[in-house]
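Input: a single structure, listed below in structure tokens.
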Amino acid sequence: MQSIRTGLFVSALALSFAAPLQAAETYTLDPAHTEIGYRINHFGFSSPSGKFASVTGTLTLDEQKPEASKVTATITIANLFTGIEKLNTHLLSKDFFDATQFPTATFTSTKVDVTGKDTAKVTGDLTLHGVTKSITLDVTLNKLGENMMHKKTAGFTAMTILRRSDFGISAYVPNLADEVQIHIESEANLAE
68 MQSIRTGLFV SALALSFAAP LQAAETYTLD PAHTEIGYRI NHFGFSSPSG
118 KFASVTGTLT LDEQKPEASK VTATITIANL FTGIEKLNTH LLSKDFFDAT
168 QFPTATFTST KVDVTGKDTA KVTGDLTLHG VTKSITLDVT LNKLGENMMH
218 KKTAGFTAMT ILRRSDFGIS AYVPNLADEV QIHIESEANL AE
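Here the sequence shown stands for residues 68 to 259, where the numbers follow my numbering.
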């Protein structure tokens with residue numbers, strides 16, 4: 068009987084130490100250090116850019132099993148910034164994002180394929196302009212660790228190319244390119 072109790076105690080103790088190593092941690096996207104940039108070819112003359120700087124969401128990061136990690140994000144469309152007020156207004160109009168009717172875009176990951184030590188392909192559902200499509204992001208983990216402001220931070224860079232017509236945003240295609248290059252920089256802080 069004593070050996071059974073001892074065995075149970077040792078098993079419980081081992082589980083209590085092993086659990087934190089395998090537990091996924093929840094991070095909150097840092098809106099001050101997260102932005103979604105885009106670049107689009109303009110009639111063949113140039114490729115101007117803009118960004119969405121109001122992004123919120125959460126990241127569930129499983130360091131032991133990264134393929135089990137998940138991310139959700141919400142983008143406030145009205146916070147589009149190009150540096151040109153007239154262009155901002157036009158892009159937010161019904162010709163493009165129609166921000167009054169569709170004030171946010173969302174991304175929810177559905178799959179993570181680890182491709183290297185610090186890289187992965189993250190597939191998920193992007194809802195933009197009232198349309199939901201599956202997209203894949205090429206993601207690089209830049210750094211994971213403590214920083215001066217937070218006890219633990221994960222920093223990422225991600226890229227993809229979207230066809231805006233897939234989301235019902237087709238004004239001026241093909242003169243204004245259908246393909247849009249997306250570049251994401253993000254920091255996420257361990258939730259308190």
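Ideal Cβ positions, reconstructed from N, Cα and C, are used throughout, including at glycine.
- request: Determine the DSSP secondary structure at L82, reduced to helix, strand or coil.
  value: With a pLDDT of only 35 at L82, under the threshold of 50, the placement of this residue in the model should not be trusted; the figure read from the coordinates follows. Assignment of L82 by DSSP, reduced to helix, strand and coil, places it in the helix class.
task: Assign G8 to one of two classes, buried (16 or more other C-beta atoms within 10 Å of its C-beta) or exposed (fewer than that).
output: This structure cannot speak to residue 8, because the chain is shown only from 68 to 259.
task: Could you say which of T203, N108, V181 and G104 lies nearest to A270 if we only look at CA atoms?
output: This structure does not reach residue 270, given that the chain is present from 68 up to 259, and the question cannot be answered.
- prompt: How would you call E254, buried or exposed, if buried means at least 16 neighbouring beta carbons within 10 angstroms?
  reply: Buried, since its Cβ has 16 or more Cβ neighbours within 10 Å.
CB contact flag (I144, L154, <8 angstroms): No; because the gap between Cβ atoms is not below 8 angstroms, this pair is not in contact.
- prompt: Taking C-beta to C-beta, are T224 and T203 nearer than 8 angstroms?
  reply: With respect to the 8 angstroms criterion, T224 and T203 are not classified as neighbours on the basis of their beta carbons.
task: Please name the residue, chosen from E259, N256 and L195, that lies closest to T141 on a Cα-to-Cα basis.
output: T141 has its Cα closest to that of L195, out of E259, N256 and L195.
- request: Could you check if S136 is buried or exposed, using at least 16 other CB atoms within 10 Å of its CB as the buried criterion?
  value: Buried, since its Cβ has 16 or more Cβ neighbours within 10 Å.
Test item: CB-CB of L96 and T123 under 8 angstroms: A contact, by the Cβ cut-off of 8 angstroms.
message: Which same chain residues end up closer than 6 angstroms to E134 when comparing Cβ atoms and leaving out the 5 residues on each side of it in sequence?
response: Exclusion of the five residues before and after E134 leaves V179 and V181 as the residues of its chain whose Cβ lies within less than 6 angstroms of its Cβ.
Euclidean distance between Cα positions of H157 and K184: Each residue's Cα considered, the two are about 42 angstroms apart.
- prompt: Since E130 is in the beta strand (DSSP E), which residue starts that stretch and which ends it?
  reply: Element bounds for E130: n/a, residue is neither H nor E.
query: So what does DSSP say about S253, is it helix, strand or coil?
result: DSSP, read as helix, strand or coil, puts S253 in strand.
message: Pop quiz: D245 and K200 are said to be a contact at Cβ under 8 angstroms. What is the actual Cβ separation, rounded to whole angstroms?
response: About 14 angstroms; that fails the 8 angstroms criterion.
query: Mind checking A166: buried by the 16 CB within 10 Å criterion, or exposed?
result: Its Cβ being crowded by 16 or more others within 10 Å, A166 is buried.
message: According to DSSP, is H157 part of a helix, a strand, or is it coil?
response: Helix, per DSSP.
query: Looking at Y94 and N256, is the spacing between their C-beta atoms short of 8 angstroms?
result: Their beta carbons are under 8 angstroms apart, which means N256 touches Y94 by this criterion.
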